[in-house]
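First the structure, in the form of structure tokens, and then the observations on it.
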Amino acid sequence: MWSRYRAAGVLLSRGRSSNRKSRRWRSVSANERALQYRVDEQIHGFTVKQVTAVPELFLTAVKLTHDRTGARYLHVAREDSNNLFSIQFRTTPMDSTGVPHILEHTVLCGSQKYPCRDPFFKMLNRSLSTFMNAFTASDYTLYPFSTQNPKDFQNLLSVYLDAAFFPCLRQLDFWQEGWRLEHENPADPQTPLVFKGVVFNEMKGAFADNERIFAQHLQNKILPDHTYGVISGGDPLCIPDLTWEQLKQFHATHYHPSNSRFFTYGNFPLEQHLKQIHEEALIKFDRIESNTDIPKQKLWEKPREHSVTCGLDSFTADPSKQTTVSVSYLLTDITDTFETFTLSLLSSLLVDGPNSPFYKALIESGVGTDFSPDVGFNGSTREAYFSVGLQGIAERDVDTVKQIIARTVDEVIAKGFEEDRIEALLHKIEIQLKHQSTSFGLALTSDNPHRLTLTMSPEENYHDKQAKMEAEKLEKKVNALSKEEKTQIFEKGLELIALQSKPQDTSCLPALKVSDIEPKIPFTVLETTLVADETPVQYCAQPTNGVVYFRAVSSLNTLPEELKPYVPLFCNVITKMGCGALDYREQAQKIELKTGGMSVSPHIIPDDSHLDVYEQGVLFSSLCLDRNLPDMMHLWSEIFNNPRFDEEEHFRVLVKKTAQELSNGIPDSGHLYASIRASKNLTPSGELQEMFSGMDQVKLMKRVAEMSDIKPVLRKLPRIKKYLLNSDNIRCSVNAAPQQISEAAKEVEKFIKGIARSKKERKPVRPHVIEKSSEVTPVGREMFTGLQITRKLVNDPTFKPCQMKTHFVLPFPVNYVGECIRTVPYTAADYASLRVLARLMTAKFLHREIREKGGAYGGGAKLSHNGIFTFYSYRDPNSLSTLKTFEKAVEWAKSGEFTQQDIDEAKLAVFAAVDAPVAPSDKGMDHFLYGISDEKKQLHREQLFAVNSDNLVDVSNQYLAVGKSTRGQAVLGPENADITKDPSWVKR
Numbered sequence: 001m002w003s004r005y006r007a008a009g010v011l012l013s014r015g016r017s018s019n020r021k022s023r024r025w026r027s028v029s030a031n032e033r034a035l036q037y038r039v040d041e042q043i044h045g046f047t048v049k050q051v052t053a054v055p056e057l058f059l060t061a062v063k064l065t066h067d068r069t070g071a072r073y074l075h076v077a078r079e080d081s082n083n084l085f086s087i088q089f090r091t092t093p094m095d096s097t098g099v100p101h102i103l104e105h106t107v108l109c110g111s112q113k114y115p116c117r118d119p120f121f122k123m124l125n126r127s128l129s130t131f132m133n134a135f136t137a138s139d140y141t142l143y144p145f146s147t148q149n150p151k152d153f154q155n156l157l158s159v160y161l162d163a164a165f166f167p168c169l170r171q172l173d174f175w176q177e178g179w180r181l182e183h184e185n186p187a188d189p190q191t192p193l194v195f196k197g198v199v200f201n202e203m204k205g206a207f208a209d210n211e212r213i214f215a216q217h218l219q220n221k222i223l224p225d226h227t228y229g230v231i232s233g234g235d236p237l238c239i240p241d242l243t244w245e246q247l248k249q250f251h252a253t254h255y256h257p258s259n260s261r262f263f264t265y266g267n268f269p270l271e272q273h274l275k276q277i278h279e280e281a282l283i284k285f286d287r288i289e290s291n292t293d294i295p296k297q298k299l300w301e302k303p304r305e306h307s308v309t310c311g312l313d314s315f316t317a318d319p320s321k322q323t324t325v326s327v328s329y330l331l332t333d334i335t336d337t338f339e340t341f342t343l344s345l346l347s348s349l350l351v352d353g354p355n356s357p358f359y360k361a362l363i364e365s366g367v368g369t370d371f372s373p374d375v376g377f378n379g380s381t382r383e384a385y386f387s388v389g390l391q392g393i394a395e396r397d398v399d400t401v402k403q404i405i406a407r408t409v410d411e412v413i414a415k416g417f418e419e420d421r422i423e424a425l426l427h428k429i430e431i432q433l434k435h436q437s438t439s440f441g442l443a444l445t446s447d448n449p450h451r452l453t454l455t456m457s458p459e460e461n462y463h464d465k466q467a468k469m470e471a472e473k474l475e476k477k478v479n480a481l482s483k484e485e486k487t488q489i490f491e492k493g494l495e496l497i498a499l500q501s502k503p504q505d506t507s508c509l510p511a512l513k514v515s516d517i518e519p520k521i522p523f524t525v526l527e528t529t530l531v532a533d534e535t536p537v538q539y540c541a542q543p544t545n546g547v548v549y550f551r552a553v554s555s556l557n558t559l560p561e562e563l564k565p566y567v568p569l570f571c572n573v574i575t576k577m578g579c580g581a582l583d584y585r586e587q588a589q590k591i592e593l594k595t596g597g598m599s600v601s602p603h604i605i606p607d608d609s610h611l612d613v614y615e616q617g618v619l620f621s622s623l624c625l626d627r628n629l630p631d632m633m634h635l636w637s638e639i640f641n642n643p644r645f646d647e648e649e650h651f652r653v654l655v656k657k658t659a660q661e662l663s664n665g666i667p668d669s670g671h672l673y674a675s676i677r678a679s680k681n682l683t684p685s686g687e688l689q690e691m692f693s694g695m696d697q698v699k700l701m702k703r704v705a706e707m708s709d710i711k712p713v714l715r716k717l718p719r720i721k722k723y724l725l726n727s728d729n730i731r732c733s734v735n736a737a738p739q740q741i742s743e744a745a746k747e748v749e750k751f752i753k754g755i756a757r758s759k760k761e762r763k764p765v766r767p768h769v770i771e772k773s774s775e776v777t778p779v780g781r782e783m784f785t786g787l788q789i790t791r792k793l794v795n796d797p798t799f800k801p802c803q804m805k806t807h808f809v810l811p812f813p814v815n816y817v818g819e820c821i822r823t824v825p826y827t828a829a830d831y832a833s834l835r836v837l838a839r840l841m842t843a844k845f846l847h848r849e850i851r852e853k854g855g856a857y858g859g860g861a862k863l864s865h866n867g868i869f870t871f872y873s874y875r876d877p878n879s880l881s882t883l884k885t886f887e888k889a890v891e892w893a894k895s896g897e898f899t900q901q902d903i904d905e906a907k908l909a910v911f912a913a914v915d916a917p918v919a920p921s922d923k924g925m926d927h928f929l930y931g932i933s934d935e936k937k938q939l940h941r942e943q944l945f946a947v948n949s950d951n952l953v954d955v956s957n958q959y960l961a962v963g964k965s966t967r968g969q970a971v972l973g974p975e976n977a978d979i980t981k982d983p984s985w986v987k988r
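In terms of UniProt numbering, the sequence shown opens at residue 1 and continues consecutively.
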């Protein structure tokens, strides 16, 4: 996978842990073990250089160097069982043949110890990994994986080490993954020779995207002197210049331990990793001079301007406005960590959100449609740069945009930023304003001569020109071939087909003032139409940059109760089991090629005006480039009409992975699990929430994963499909660019008319169904056009909320505590007061008592959309005393011991959440998913503004005081003698 950006940074955040201490070495925590290492200590060929505890993150970092090769190693010890490994090489190509990218693909095609083809992909089906991938960036290549199973870790480590250091790099693999000349029909030498290859085609696809073209040129032109001046992923016109010999040479000079960095994370013993890495790989090498350092960019004496061309966007709203322009400034060396961190934060202040100076100056100017690609701080190169500009402008407005940028920079330097905005962004980070702004101001002033103005304009025959250049390249290559070489190409083509077709032996593998807040929200224009006289479709025209977002909700009202627990599993696997003529592998490939992902999830939505009324359904979500919309909707049609449930073994793999992921997720989400359980008996939807998303679901999946015969569960899926995947009770939504709406409407209509209807009328399982329509009212001069969306909600008139206390005994060293109280629905007047109160209690009482005094990692209060007021703590050494703290928090609130300043701060925090920027893809979703119109949101806004001290004391007394409302409590954590003695607790 090619990425110009440092994609690796997200991996750590994916970590999930189970903290089961089932092995002897887990009796001592990973942190404690790591802290026992001493500087200069020697372990399996490595020497310890530094040991640093980072208690805020519950981790200890250990830096080591390999004695023989100089390989550097960083181990992060943390009590997390989702252990991660990665190896990185600095890869610095000096041309755009894509050599690091093609090498990344080719090393994964077989190695000395694992000579079968594609061991990497084979391991996906032979592993319980939680993550496996490889990335090529501008100046490094990264191979990461993660797993919570120690044996799996050793297996994957063995495969990765052998792939990186001892790959086969067979010529046929290079031809398959990189590029080759081959007959259009490899079996027919009379058909013309053409370019083929995975990376070749991947990069052609990549550069069909105008934004990608712009961002790539931006990096190449602002840092032109060394490796950043070329395209590491490969320019399709240069890729055919790469030879197999050059690929092998690049591997020899770059994939050497002396040019590598190792990284491991988690609670597995470091010694085991070091031993395996030393014995299986590093011992076989000697130190070399790697010579891959990237020199500093020579600074320019005066600013530069550059223009590039791109393809026309035939669907743009205004064909005359397709130009993009940006101004970019070279900044600091990213090895200056503090400066880099400061600059990235300041970049956020400049460009993020509607209050930022560049948003106001550029986006709200009406000159263009959106920021230019790569806007803001880019720290993915040795020297960072800041870029800002506009796309969707007329060519004549280029100078206007440049003037706006220059003027805005001068204003920021003169005025700085509002202190509240900086504080809101920085939270607890103690960085002085003066230190932040000086260097940034200097970096951005007109005195910085290393400034690039890049303009990109469309060219009518751009793609024809690219095709012509490729054809000329091909012709030159073919004309240079001798008769013998042409014969060899034909024979090698047949050989490659034979190899690809051959069965593989895989046995070898193992803040502002309140007065600064906008009083009114901008209203979103929505249009709703009915398809086939009864299926509502909501359309929302937005600047989505050529991406179409599709969602559908299908009702669960007719689904038999005994099938309900399996709905999450059904959601998880329905897009992964194959459909129509596609088996699951082909389906996965098609989804990858044609969409940005297709997901299905349970959808339980409480009504906004009645706590005991809710919608139960399943949400289907996907996105794609507009040109791929027919393919994406065809995939959904096939999934709805012809899902496949015939791959029992693959289903078993999915079940096991699902169960493992759920289990691994508990330590990171323990407070959520506690809260879901605590609210189970407070509303009718709470029971369903626990069934779908709570510990009940974790336990069910564990049981299913342990079944020796999984067929009875597999047989439930077609039954669920019968009730769910039809057009009886479905509604859809589309977010797309205005020019795409009519095309999208045709595709969605085709989809709805093409999916099956139930052959017989099905009665709801719970007979109390309430039909509820959204209101349609004027929006300024605009109107909601079309019809209302009617949602079929469920009501259980016999429901009575009841108290429940549950203790889940788990082998954790800490607790996760949740207490939930039934209050009022979203549209009730008191909802706003409770929402502000939750924030106030968190900031002014609970943080102090639970974290600072109690020692928990986190804790607080929140009011959910479903009217449940939740107290929670996270990684908490206490349990019953924390519940007592929640009681004290209510007493504190009832006493009214808070100032107007406290209330204003709480409101700011609430509005920060309320006013979080909504992506074009998500506009109108509150209306579509929850039935909450902009009018209701505006009313809620006004209620938030109006909250005063008396309201807060009143709601504390009325809803939160003991004995006033029904509440539930739950604790996830270790054995607890006091809880065991108390008969009011249910132990699970």
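Beta carbons are placed, not taken as given, at the ideal position from N, Cα and C, and that holds for glycine.
If Tyr566 and Val713 are in contact, beta carbons under 8 Å, what's the gap, nearest whole angstrom? The pair is a contact, with the Cβ atoms about 7 Å apart (cut-off 8 Å).
Go ahead and label Ala659 buried or exposed: buried means 16 or more other beta carbons lie within 10 angstroms of its beta carbon, across all protein chains shown. Buried.
Using the C-alpha atoms, what's the distance from Phe153 back to Lys711? Note on geometry: alpha-carbon atoms of Lys711 and Phe153 lie some 30 Å from one another.
For Thr453 and Leu343, the rounded distance between their alpha carbons: Distance between the alpha carbons of Leu343 and Thr453 is about 20 Å.
Buried or exposed: which applies to Lys296, given that a residue is buried once 16 or more other Cβ atoms fall within 10 Å of its Cβ? Lys296 is exposed by the Cβ-count criterion.
For Met456, does the three-state DSSP call read helix, strand or coil? Strand at Met456.
Roughly how many angstroms separate the alpha carbons of Phe262 and Gly389, rounded to a whole number? If I take the Cα positions, the gap works out to 38 Å.
Beta carbon of Gly827, beta carbon of Asp608: below 7 Å? Note on identity: in this sequence residue 827 is Thr, with Gly being the wrong assignment. Yes, they are a contact pair.
Counting along the chain, where does the beta strand (DSSP E) carrying Asn815 start and finish? Following the DSSP letters along the chain, one finds Asn815 inside the beta strand (DSSP E) bounded by residues 815-822.
For the candidate residues Val412, Glu484, Gln943, whose alpha-carbon lies nearest to that of Ser356? Closest by alpha carbon: Val412.
Mind checking which residues open and close the alpha helix (DSSP H) that includes Asp876? Counted as a single uninterrupted DSSP element, the stretch harbouring Asp876 is not any alpha helix (DSSP H) but the beta strand (DSSP E) occupying residues 868-876.
C-alpha gap between Ala281 and Met94, whole angstroms: Within the model, the alpha-carbon separation for Ala281 versus Met94 is close to 28 Å.
Drop a sphere of 10 angstroms on the beta-carbon of Arg731, count the other beta-carbons inside from all chains shown, and report buried for 16 or more, exposed for fewer. So Arg731 ends up on the buried side.
So what does Gln391 bridge to, in DSSP terms? Asp370, per the DSSP bridge assignment.
Could you tell me if Pro192 is buried or exposed, where buried requires 16 or more neighbouring beta carbons within 10 angstroms of its beta carbon? Exposed.
With DSSP as the reference, label Glu104 as helix, strand or coil. Glu104 falls in the helix class under three-state DSSP.
Beta-carbon spacing of Leu810, Leu972 below 7 Å: Going by C-beta atoms, Leu810 is nearer than 7 Å to Leu972.
Tell me, please, which residues DSSP counts as bridged to Pro643. Pro643 pairs with Cys579.
Rounded C-alpha distance that separates Gln901 from Ser637: For Gln901 and Ser637, the distance between alpha carbons rounds to 55 Å.
Does the Cβ of Asp802 have 16 or more other Cβ atoms within 10 Å, making it buried, or fewer, making it exposed? A small correction: the amino acid at residue 802 is Cys; Asp does not occupy that position in the sequence shown. By the 16-neighbour rule on beta-carbons within 10 angstroms, Cys802 is exposed.
When you compare each of Val836, His940, Cys820 to Thr966 by their alpha carbons, which one comes out closest? Measuring from the Cα of Thr966, the nearest candidate turns out to be Cys820.
For Glu231, name the three-state secondary structure that DSSP assigns. The question names Glu, but residue 231 is Ile in the sequence shown. Reduced to three states, the DSSP call for Ile231 is coil.
Less than 7 Å separating the beta-carbons of Phe692 and Met456? Their beta carbons are not under 7 Å apart, which means Phe692 does not touch Met456 by this criterion.
Leaving out five residues before and five after Met841 in sequence, what residues of the same chain have Cβ atoms less than 7 Å from its Cβ? Contacts found: Ala861, Ala889, Ala893.
Using a Cβ distance threshold of 8 Å, determine whether the stretch 366-383 contacts the stretch 322-330, with at least three qualifying pairs required. At 8 Å Cβ cutoff, the stretches touch.
Taking just the CA atoms, how far does Asp410 sit from Leu59? So the two alpha carbons sit approximately 43 Å from each other.
Could you give the distance in angstroms between the alpha-carbon of Lys981 and the alpha-carbon of Lys805? If I take the Cα positions, the gap works out to 13 Å.
Asp904 vs Val514 beta-carbon contact at 7 Å: Cβ atoms of Asp904 and Val514: closer than 7 Å.
Keeping to the same chain, check which residues put their C-beta closer than 7 Å to that of Asn185; ignore five residues upstream and five downstream. Cβ within range, chain order: Thr191.
Classification of Glu592 by the beta-carbon crowding that lies within 10 angstroms, buried from 16 upward: Looking at its Cβ environment, which holds fewer than 16 other Cβ atoms inside 10 Å, Glu592 is exposed.
On the three-state DSSP scale, how would you describe Leu142? Here Leu142 carries a strand assignment [DSSP, helix/strand/coil].
Does DSSP classify Arg33 as helix, strand or coil? Note: Arg33 maps to helix in three-state DSSP.
Go through its chain and collect everything with a Cβ distance to Arg23's Cβ below 7 Å, but skip five positions before and after it. With a pLDDT of 32 at Arg23, under the threshold of 50, the predicted position of this residue should be treated as unreliable, though the coordinate-derived value follows. Excluding residues within five positions, none has a Cβ falling inside 7 Å.
Note down the Cα distance separating Arg719 from Met598, rounded to an integer number of angstroms. Per the coordinates, the alpha-carbon of Arg719 lies some 22 Å from the alpha-carbon of Met598.
So what's residue 999 in DSSP terms, helix, strand or just coil? The shown model of the chain, from 1 to 988, leaves out residue 999, and the question about it has no answer.
Tell me which residue opens and which closes the beta strand (DSSP E) that Arg791 is part of. Where Arg791 is concerned, the enclosing beta strand (DSSP E) stretches over 790-795.
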